[in-house]
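Okay, so here's the structure we're looking at.
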Amino acid sequence: MRDLSDRKLEEMFQLDDRPGPARPADDAALAAIIAGALGGAGFAPPIAARAPAAGGHGAAAATAAKGLGVVKLALLAGGAAGVALIGWVWLRSPAAPRVTPPPAVAITAPAPAAVPPSEPAPPPPAAVAEPDDPDPEIEPEIEPARPAIKSKPTPSHRHPARVAVAAPPVAPEDLLAAANAARVAHHWRKADALYARVVSGGQAELAVQAALVASASLHLEHLGDPAGAVRRFRAALAAGPRDALAEDARWGLAESTRATGDVAAEAAALDDFLAHHAGSPRAARARARRGELQAQP
Amino acid sequence: MTPALATPVVDPRIFAAASGDRAAAQQLCRELLPRVRNLVRYLLRGDSRVDDVAQEALIAVLRGLATFRGDGRFESWVDRIVARTTFAAIRRLRAETQPGERSAIDGENDRGAGGGAGGEAYVLRRELVEALDRLPPDQRESLVLHFAVGMTVPEIADAVAAPFETVRSRLRLGKVALREALGGRDA
Numbered sequence: 000m001r002d003l004s005d006r007k008l009e010e011m012f013q014l015d016d017r018p019g020p021a022r023p024a025d026d027a028a029l030a031a032i033i034a035g036a037l038g039g040a041g042f043a044p045p046i047a048a049r050a051p052a053a054g055g056h057g058a059a060a061a062t063a064a065k066g067l068g069v070v071k072l073a074l075l076a077g078g079a080a081g082v083a084l085i086g087w088v089w090l091r092s093p094a095a096p097r098v099t100p101p102p103a104v105a106i107t108a109p110a111p112a113a114v115p116p117s118e119p120a121p122p123p124p125a126a127v128a129e130p131d132d133p134d135p136e137i138e139p140e141i142e143p144a145r146p147a148i149k150s151k152p153t154p155s156h157r158h159p160a161r162v163a164v165a166a167p168p169v170a171p172e173d174l175l176a177a178a179n180a181a182r183v184a185h186h187w188r189k190a191d192a193l194y195a196r197v198v199s200g201g202q203a204e205l206a207v208q209a210a211l212v213a214s215a216s217l218h219l220e221h222l223g224d225p226a227g228a229v230r231r232f233r234a235a236l237a238a239g240p241r242d243a244l245a246e247d248a249r250w251g252l253a254e255s256t257r258a259t260g261d262v263a264a265e266a267a268a269l270d271d272f273l274a275h276h277a278g279s280p281r282a283a284r285a286r287a288r289r290g291e292l293q294a295q296p
Numbered sequence: 000m001t002p003a004l005a006t007p008v009v010d011p012r013i014f015a016a017a018s019g020d021r022a023a024a025q026q027l028c029r030e031l032l033p034r035v036r037n038l039v040r041y042l043l044r045g046d047s048r049v050d051d052v053a054q055e056a057l058i059a060v061l062r063g064l065a066t067f068r069g070d071g072r073f074e075s076w077v078d079r080i081v082a083r084t085t086f087a088a089i090r091r092l093r094a095e096t097q098p099g100e101r102s103a104i105d106g107e108n109d110r111g112a113g114g115g116a117g118g119e120a121y122v123l124r125r126e127l128v129e130a131l132d133r134l135p136p137d138q139r140e141s142l143v144l145h146f147a148v149g150m151t152v153p154e155i156a157d158a159v160a161a162p163f164e165t166v167r168s169r170l171r172l173g174k175v176a177l178r179e180a181l182g183g184r185d186a
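Now the structure itself:
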């Protein structure tokens with residue numbers, strides 16, 4: 000008789016290099032899945048793949064990516080419309096992939112902090128890094144730009160004026176990478192300062208929004224500044240209210256307003272989250288929390 | 000001073016991919032895809048939607064790379080994103096199903112091709128997943144999150160927004176059903 004102890008079950012379920020339980024797929028099918036995923040995540044196709052007449056791997060990759068762009072990503076429409084939409088991001092901008100906040104944002108919000116009862120109107124993204132920002136450690140990092148590396152300015156459709164004035168010489172993807180490295184090393188303020196530089200650069204909308212969300216989660220989780228997190232999440236939403244990052248920004252806004260102790264703002268944030276993302280895995284928690292708030296005197 | 004030893008070692012391809020390096024992202028995808036497909040199949044009934052959902056999960060992983068903090072195993076971080084994406088896909092497919100219609104998540108099991116291609120482990124896992132296909136979704140979800148993803152009961156309770164005792168009960172009932180389905184009797 001077969002031994003089905005917990006240990007045996009663990010072995011059977013193990014996600015290792017052995018095949019199964021998914022059916023084996025041929026190399027072409029796997030390559031097509033990967034090409035579609037790269038396109039969906041905003042990675043620009045290789046230069047050779049853009050040339051329709053090219054042969055060999057380039058043409059195959061182009062075909063795979065294009066076919067998946069139409070067929071596979073179309074399957075994501077509906078509940079995952081945002082994801083499907085960014086499948087075409089590479090057509091307009093070869094920017095760095097979008098960033099979502101950490102998958103496991105703390106469910107239990109930090110203790111309420113003393114903040115003004117009402118939040119100011121959502122500032123434009125650059126406002127987060129402006130000199131009235133209360134974090135003194137961020138300030139010096141925002142203004143100066145390192146001259147050694149030449150930037151690749153990307154036209155911004157939302158902030159054309161700022162592009163003409165500010166031309167940071169470091170590419171936003173480099174700054175994001177450096178910020179993430181600092182984050183991994185738990186250098187929260189250094190990471191935040193780098194995110195702020197991406198925001199103040201402003202030349203790549205995707206990077207700006209990603210930096211805002213990442214910076215907001217730092218302020219909420221590690222810098223003890225829920226009010227700063229609220230401002231950043233609101234700025235991220237203002238930059239792209241229907242963007243794929245919007246769900247994370249709305250959820251983060253609900254959590255950070257909770258952390259500030261502003262019940263009305265938290266209730267409004269939860270309502271907004273549920274109105275936009277009713278099918279989200281976080282919706283059940285949002286409803287439960289909304290119910291708790293309603294039950295409060 | 001922060002001791003240098005406190006800094007965990009993270010695969011540099013993760014940073015590269017997070018910075019927009021397509022080649023690095025492609026390499027990571029190649030390595031992750033078998034794992035992603037298998038986890039999706041554990042969670043999803045039937046074979047027919049596995050690759051669509053696996054692709055969707057890979058997109059979510061790639062988009063989230065820049066926020067991987069390196070304070071745990073990369074594969075575990077990926078598994079949780081894949082599970083979350085798959086749950087969202089299941090909910091979406093369920094919502095798209097009209098009353099009386101066969102559920103879009105009740106995909107067909109592919110027969111024939113590839114059967115036995117992976118030896119004994121493959122055969123065992125196919126038996127296992129076909130037994131999972133016959134379980135109630137809640138029990139399946141708890142079993143996979145516990146045994147495949149390695150989540151504890153409190154973590155599962157948090158992830159699926161269910162009470163601790165409910166998850167524990169689902170796990171217990173799921174194990175009993177699985178053992179019956181697979182012909183085992185050892186507890």
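Going down the list, the protein sequences come from chains A and B.
Per numbering that gives the first Met the number 0, the very first residue in the first sequence carries number 0; after that it's consecutive.
Per numbering that gives the first Met the number 0, the very first residue in the second sequence carries number 0; after that it's consecutive.
C-beta: ideal position from N, C-alpha, C; glycine also.
- By a beta-carbon distance limit of 8 Å, A285/A contacts A253/A. Their separation comes to about 7 Å.
- Judged by DSSP secondary structure, L37/A falls within the alpha helix (DSSP H) whose first and last residues are 26–39.
- Annotated as distal: F86/B and W76/B, with beta-carbon spacing of 8 Å or more.
- Among the CB atoms of chain B, none fall inside 8 Å of the CB of R257/A.
- Within the segment 53–74 of chain B, contact with chain A at the beta-carbon level (separation under 9 Å) is assigned to A53, Q54, E55, A56, L57, I58, A59, V60, L61, R62, G63, L64, A65, T66, F67, R68, G69, D70, E74.
- Taking a cut-off of 8 Å for Cβ pairs, the segment 38–53 of chain B and the segment 187–207 of chain A do not touch, as fewer than three such pairs fall below it.
- With respect to chain A, the C-beta atom of D137/B has no partner C-beta closer than 8 Å.
- Taken through DSSP and simplified to helix, strand or coil, A170/A comes out as coil.
- Apart from the 5 residues on each side of it in sequence, F163/B sits with its Cβ closer than 7 Å to the Cβ of V152, P153, A156 in its chain, given in chain order.
- If you keep only unbroken alpha helix (DSSP H) runs of at least 4 residues inside the segment 27–77 of chain B, you get 49–63.
- When the Cα atoms are used, R139/B and G278/A turn out to be separated by approximately 20 Å.
- Contact annotation, R233/A with H276/A: C-beta distance approximately 16 Å; criterion of less than 8 Å not satisfied.
- If you draw a straight line from the Cα of G63/B to the Cα of A23/B, it comes to about 15 Å.
- V35/B has its alpha-carbon roughly 12 Å from the corresponding atom of L43/B.
- Remark: C-beta atoms of A160/B and A283/A approach each other more closely than 8 Å.
- Flagged as an interface residue toward chain B: L29/A, by a C-beta distance shorter than 8 Å.
- If you draw a straight line from the Cα of L38/B to the Cα of Q25/B, it comes to about 19 Å.
- Chain-ordered, the chain A residues with CB closer than 7 Å to the CB of L38/B read L14.
- For the segment 179–246 of chain A, the full-length alpha helix (DSSP H) segments reaching 4 residues or more read 187–200, 204–220, 225–238 along the chain.
- The DSSP-derived three-state label of S4/A is coil.
- Burial is judged here by how many other beta carbons sit within 10 angstroms of a residue's own beta carbon; V143/B has at least 16 and is buried.
- For R171/B, there are no C-beta contacts with chain A under 8 Å, since the nearest C-beta of that chain is about 11 Å from it.
- Contact with chain A is absent for D10/B, since none of that chain's Cβ atoms lies less than 8 Å from the residue's Cβ.
- Taking a Cβ-Cβ threshold of 7 Å, the residues of chain A close to F146/B are L8, E9, F12, in chain order.
- Comparing alpha carbon positions, the residue from R281/A, A181/A, A209/A closest to V8/B is A181/A.
- Using beta-carbon distances, A130/B does not count as an interface residue toward chain A, since no partner is under 8 Å.
- Excluding residues up to 5 positions away in sequence, V229, A264, E265, A268 lie with their Cβ nearer than 7 Å to the Cβ of T256/A in the same chain.
- Shown here, A22/B sits in a helix according to DSSP, grouped into three states.
- When DSSP states are grouped into helix, strand and coil, L127/B belongs to the helix group.
- Secondary structure of D10/B (DSSP, three-state): coil.
- Per DSSP, the continuous alpha helix (DSSP H) segment holding R284/A begins and ends at 282–294.
- With 16 or more other Cβ atoms from the protein chains shown falling within 10 Å of its own Cβ, A40/A counts as buried.
- By the Cβ neighbour-count rule, D224/A is buried, with 16 or more other Cβ atoms within 10 Å of its own.
- In the same chain as A56/B, and ignoring 5 residues on each side of it, the C-beta atoms closer than 6 Å to its own belong to V35, V81, T84, in chain order.
- When the Cα atoms are used, E220/A and H186/A turn out to be separated by approximately 13 Å.
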